[in-house]
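Order-wise, the sequence lines are chains W and B.
Here my numbering is used: the first sequence runs in plain steps of one and ends on residue 327.
Here my numbering is used: the second sequence runs in plain steps of one and ends on residue 268.
We put the CB at the ideal spot given by N, CA and C, even for glycine.
All values reported here derive from a predicted model rather than from experimental measurement.
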Amino acid sequence: MTVAAPEANLGILPKSDGSATFKYGGYTVTASVNGPIEAARRDEHPYKAHVDVIVRPAAGAGGTRERHLESLLESSLSQIILVKDFPRCLIQIVLQVESVPANDYVNTKLVQAGINLPIIPALVQTAVLALLSACVPMATTAAAAVIAVVPAGGSTKAVVDPSQRELETAVSSHAFVFTAHGQLLLAESQGDFTMAEWEDAHATANKICCEAAKKDGMEMILDDEKQAGPDLQAFLRSTLEAKVTEDLQWR
Amino acid sequence: MAAAASPIVLPGDAIDPSLIPTSNKKRPLRLGPGLRHVPPDTLQSTVAGELITDPKKNTMYIEYNSRRYIASPNDLVIGQIHHSSADLYYVTLNPHAPQALLPHLSFESATKKTRPQLDRGQAVYARVAMANKHMDPELECVSQQTGKSEGLGPLSGGTVFAVSLGLARRLMLPRPREDGGVAVLDLLAEEEGLVFETAVGRNGRVWVGSESVRTVVVVGRALAEVDERGAGFGEEAQRKLVRKLVRETKA
Chain W
77 MTVAAPEANL
87 GILPKSDGSA
97 TFKYGGYTVT
107 ASVNGPIEAA
117 RRDEHPYKAH
127 VDVIVRPAAG
137 AGGTRERHLE
147 SLLESSLSQI
157 ILVKDFPRCL
167 IQIVLQVESV
177 PANDYVNTKL
187 VQAGINLPII
197 PALVQTAVLA
207 LLSACVPMAT
217 TAAAAVIAVV
227 PAGGSTKAVV
237 DPSQRELETA
247 VSSHAFVFTA
257 HGQLLLAESQ
267 GDFTMAEWED
277 AHATANKICC
287 EAAKKDGMEM
297 ILDDEKQAGP
307 DLQAFLRSTL
317 EAKVTEDLQW
327 R
Chain B
18 MAAAASPIVL
28 PGDAIDPSLI
38 PTSNKKRPLR
48 LGPGLRHVPP
58 DTLQSTVAGE
68 LITDPKKNTM
78 YIEYNSRRYI
88 ASPNDLVIGQ
98 IHHSSADLYY
108 VTLNPHAPQA
118 LLPHLSFESA
128 TKKTRPQLDR
138 GQAVYARVAM
148 ANKHMDPELE
158 CVSQQTGKSE
168 GLGPLSGGTV
178 FAVSLGLARR
188 LMLPRPREDG
198 GVAVLDLLAE
208 EEGLVFETAV
218 GRNGRVWVGS
228 ESVRTVVVVG
238 RALAEVDERG
248 AGFGEEAQRK
258 LVRKLVRETK
268 A
């Protein structure tokens, strides 16, 4: 299956400190970031900023699934935002899911019900772009990918950016978030899998998320092996370079 | 004026040692906004922007445009009185952020008996006297050295407009038209003959005062438009905009 290249737009909301829309693999997510702002008394922490993530589904009101995603994102994003620079503050990230990929095989009205993993990369990517747009100080950037292990004639193979159908038939699926330095930030898996399969999925995801970071040091590799997915670091960099160049044209 | 080869950096990028100015041995290296020192000897950026180095002053910082102001000492800001306590005014610099403190005695020739009476909502032009991540910022409207106001104090009449922090900094340059590429104020005054005064705060606030309400509106709209069009909005385009605005508002 071919997936269109990721698309992003920064600073689309006029009133928030930072915002971004990210479109990839059938998902469209818009995020707004406000911060550092005053935290509610109960969220206040004397030594660090509280990162508040709110996920709103494409249809209906959020439920347990959204709360779960929020808690995953909150803990991963607190790791990359320099929270200790803003004690007693709040950094608020609102993620509105605008569209999710349709399953061509099942006729369903209920878009909400389903597994959580495949949406994590889109949410993380959008949140990171919006944080960059808001110029919230961060230790590093992050990129995310989802890998499905699908049965293929007796054995299994890892599929990057699986379609809804592949996710349904997959033995297991894994979501990974990596920092730009190649450190693992979040790993969520579901289904039955062996350690070898997990290692394989991890290696594939690492390649997609951190390729550009490593390329800098080495001599140019002339596409001798086919890239499994989009180079997310290069995508992030080119998006931000476009934004910065536009902002600083007066110089 | 294009800054020669100032690299664009993303959060977490290590600054190449060759970019660090070394010519001036007398002064210690000073790091400005957007940079942090990771012990023992790494310099990292924390925001996406352009790395600017000044070998003469031995300083480095990241130039970027954002909307949320983070107070730092000696910045000139425009705040709004929120409320007053026994000996302090609480001043809003940013929406939803903790208020800054302005002592009643931090005005020119203020004593316990004669202190300025400022109402809620009054705009003040002040300098950030102390900014510290663990405390609310403190302001002053008087120079500590000379005891004079030096242009600081309440801003009466006129209107405060919000702009992006990047535009505010451009307006605060000694020559905004030549160095910052913002010509609208000069054009409005010189070519259209409007009479007005302005004060620019680093927190992204511009105060415009004039006898005529029409002038205030025209200036505010011109600034908002320049901010919205981005940094690539050249002087000729600004001249067209000024003419259009003046024509539209003619009674």
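Contacts around H99(B), its chain only, beta-carbon distance under 6 Å, and the 5 residues preceding and following it disregarded: These residues qualify, in order along the chain: Y107, T109 and Q116.
Can you give, in chain order, each stretch of the alpha helix (DSSP H) that sits fully within the region 137-222 of chain B and has at least 4 residues? Correct list: 182-188 and 201-207.
Run of the beta strand (DSSP E) containing I98(B), from where it starts to where it stops: Run containing I98(B): L93 to S101, per the beta strand (DSSP E) assignment.
Using 8 Å as the cut-off, can you tell me whether the region 102-117 of chain W makes contact with the region 200-213 of chain W, which would need three or more C-beta pairs spanning the two stretches below that distance? As far as the Cβ criterion goes, the region 102-117 of chain W touches the region 200-213 of chain W, which means the pair count is three or higher.
On the premise that A143(B) lies in contact with G210(B), defined as a C-beta separation below 8 Å, what is that separation, rounded to the nearest angstrom? Between G210(B) and A143(B) a beta carbon distance of about 32 Å is seen, past the 8 Å cut, so the two are scored as non-contacting.
Within 8 Å, do at least three Cβ pairs link the region 68-87 of chain B to the region 174-189 of chain B? Taking one beta carbon from each stretch, the region 174-189 of chain B and the region 68-87 of chain B have 3 or more pairs nearer than 8 Å; the two touch.
For a contact defined as C-beta to C-beta under 8 Å, what are the partners of R313(W) on chain B? Result: L27.
Indicate whether at least one CB of chain B lies closer than 7 Å to the CB of A215(W). Judged by the 7 Å Cβ criterion, A215(W) is in contact with chain B.
Can you tell me where the beta strand (DSSP E) holding S108(W) begins and where it ends? Y103 to E114 is the extent of the beta strand (DSSP E) around S108(W).
Residue range of the alpha helix (DSSP H) that A203(W) falls in? For A203(W), the enclosing alpha helix (DSSP H) stretches over residues I196 to S209.
With 7 Å set as the bound, which would you pick, yes or no: does the beta-carbon of T215(B) sit closer than that to a beta-carbon of chain W? No, no contact with chain W.
Short of 9 Å Cβ to Cβ, which residues in the region 212-242 of chain B face chain W? Within the region 212-242 of chain B, no residue qualifies.
Going by alpha carbons, who is nearest to A263(W) out of L324(W), L145(W), E242(W) and N85(W)? Measuring from the Cα of A263(W), the nearest candidate turns out to be L145(W).
Count the other CB atoms within 10 Å of the CB of S35(B); is the residue buried (16 or more) or exposed (fewer)? S35(B) counts as exposed, since fewer than 16 other C-beta atoms from the protein chains shown sit within 10 angstroms of its C-beta.
Buried/exposed call for N220(B), threshold 16 Cβ in 10 Å: Buried, since its Cβ has 16 or more Cβ neighbours within 10 Å.
Assuming the contact rule is C-beta atoms closer than 8 Å, K235(W) and V226(W) should be a hit. Round their C-beta distance to whole Å, please. The amino acid occupying residue 235(W) in the given sequence is Val; Lys does not appear at that position. About 5 Å separates the two Cβ atoms, so the contact holds.
Under the three-state DSSP convention, the category E67(B) falls into: In the three-state reduction of the DSSP assignment, E67(B) falls in the strand class.
K233(W) by DSSP, collapsed to three states: which one? In the structure shown, K233(W) sits in a strand (DSSP, three-state: E or B).
Tell me which residues share the same chain as H70(W) and place their Cβ nearer than 6 Å to its Cβ, disregarding the 5 neighbours each side in the sequence. No answer is possible for residue 70(W): the residues shown for chain W start at 77 and end at 327.
Report the neighbours of G111(W) on chain B: residues whose CB is nearer than 8 Å to its CB, in chain order. The answer, in chain order, is R85.
Chain W within 7 Å of E80(B), Cβ atoms only: With respect to chain W, the C-beta atom of E80(B) has a partner C-beta closer than 7 Å.
CB contact below 7 Å: N149(B) versus chain W: Under the 7 Å criterion on CB atoms, N149(B) is classed as non-interfacial with respect to chain W.
Answer with buried or exposed for S271(W), where buried requires no fewer than 16 other C-beta atoms within 10 angstroms of its C-beta. Looking at the sequence itself, residue 271(W) is Met, so the reference to Ser does not match. Counting of Cβ neighbours within 10 angstroms places M271(W) among the exposed residues, the total staying below 16.
Min CB distance A185(B) to chain W below 7 Å: Output row for A185(B): interface = no.
Cross-chain neighbours of V127(W) in chain B, by beta carbon under 8 Å: Result: empty, since nearest Cβ-Cβ is about 15 Å, beyond 8 Å.
Per-residue contacts from F254(W) into chain B (C-beta, under 9 Å): None at all; the shortest Cβ gap to chain B is about 12 Å.
Compare the Cα-Cα distances from A310(W) to each of D128(W), A219(W) and G101(W) and report the closest residue. The residue among D128(W), A219(W) and G101(W) with its C-alpha nearest the C-alpha of A310(W) is A219(W).
Helix or strand or just coil, what does DSSP make of K283(W)? In this structure, K283(W) counts as helix in the three-state DSSP scheme.
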